[in-house]
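If you count by this note's numbering, then the sequence shown holds residues -11 to 131, one letter each, in order.
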Amino acid sequence: MDDEGSAALEFIAVGVILLVPLVYLIIVLGSIQEQTLGVEAAARHTARVVALAPDAETAAARSDRVLASVVEEYGIDEGTLEVSMECPREGGECPRAGSTIVLTITARVSLPLVPAVFGLQDATSITVQGSAVQKVSRTWGMG
């Protein structure tokens, strides 16, 4: 039996079989990392804008613009975006002068190359979350 030349063919076949999942893994991890950085940036910048705003109306308007900008920049799916803000140690209205706010943003990342049939895109999506803590000025809302 002549085995001459079969080593190259075997190397190519095994190489492709191992290389395709490795490349897909790299693409998936890159996508998840991008979205993770996006929600962390969105939480940090939105919390900062809310804390530095002079009043609640200005804070809402500015935070919407900042959030929209970060969502566009990082390609976050707006339909899966959830934003929550709380003042853990203070009761009542949040935010208010002198309080500490914790802003949390959650999004879902759909894995690349997964078809949108039979709900596969939802079953194979991963939740990413970013939080930021910011101290609100004692003069917040007085201006």
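Quick reminder that beta carbons are idealized off the backbone N, C-alpha and C, glycines included.
Quick caveat, the model's predicted, so the values are computed rather than measured.
Residue j beta carbon less than 8 Å from that of residue i
{"i": "I89", "j": "V59", "result": "no"}
{"i": "S19", "j": "P103", "result": "no"}
{"i": "A120", "j": "A35", "result": "yes"}
Local Cβ density within 10 Å of residue i, reported as buried at 16 or more and exposed below that
{"i": "R77", "result": "exposed"}
{"i": "Q118", "result": "The sequence shown places Gly at residue 118, not Gln. Classification of G118: buried, given that the 10 Å Cβ count is 16 or more."}
{"i": "V(-5)", "result": "According to the sequence as given, residue -5 is Ala; it is not Val. With fewer than 16 Cβ atoms within 10 Å of its Cβ, A(-5) is classed as exposed."}
{"i": "M73", "result": "buried"}
{"i": "V38", "result": "buried"}
{"i": "Q122", "result": "buried"}
{"i": "T27", "result": "Per the sequence shown, residue 27 should be read as Val rather than Thr. Buried, by the Cβ-count rule."}
{"i": "A111", "result": "exposed"}
{"i": "G42", "result": "Per the sequence shown, the amino acid found at residue 42 is Pro instead of Gly. It is exposed - the Cβ of P42 has fewer than 16 other Cβ atoms within 10 Å."}
{"i": "A1", "result": "exposed"}
{"i": "I64", "result": "buried"}
{"i": "R53", "result": "exposed"}
For residue j and residue i, believed in contact at Cβ under 8 Å, the rounded distance
{"i": "T94", "j": "T115", "result": "6 Å"}
{"i": "M130", "j": "A56", "result": "At roughly 28 Å, the Cβ-Cβ gap does not stay under 8 Å, so M130 and A56 are not in contact."}
{"i": "S113", "j": "R96", "result": "4 Å"}
{"i": "Q109", "j": "Y62", "result": "Going by Cβ atoms, the distance from Q109 to Y62 rounds to 19 Å, so no, they are not a contact pair."}
Residue i CB to nearest heavy atom of the ligand SAM below 7 Å
{"i": "V105", "result": "As for the ligand SAM, it is missing from this structure, which has no ligand bound."}
Count Cβ pairs between the region -3 to 15 and the region 49 to 59 that sit closer than 8 Å; are there 3 or more?
no
Unbroken alpha helix (DSSP H) runs of length 4 or more, entirely within the region -8 to 45: which are they?
-6 to 40
Output the residue ranges of the beta strand (DSSP E) runs that lie fully inside the region 37 to 125 and measure 3 residues or longer, sorted by chain position.
70 to 74, 88 to 98, 113 to 123
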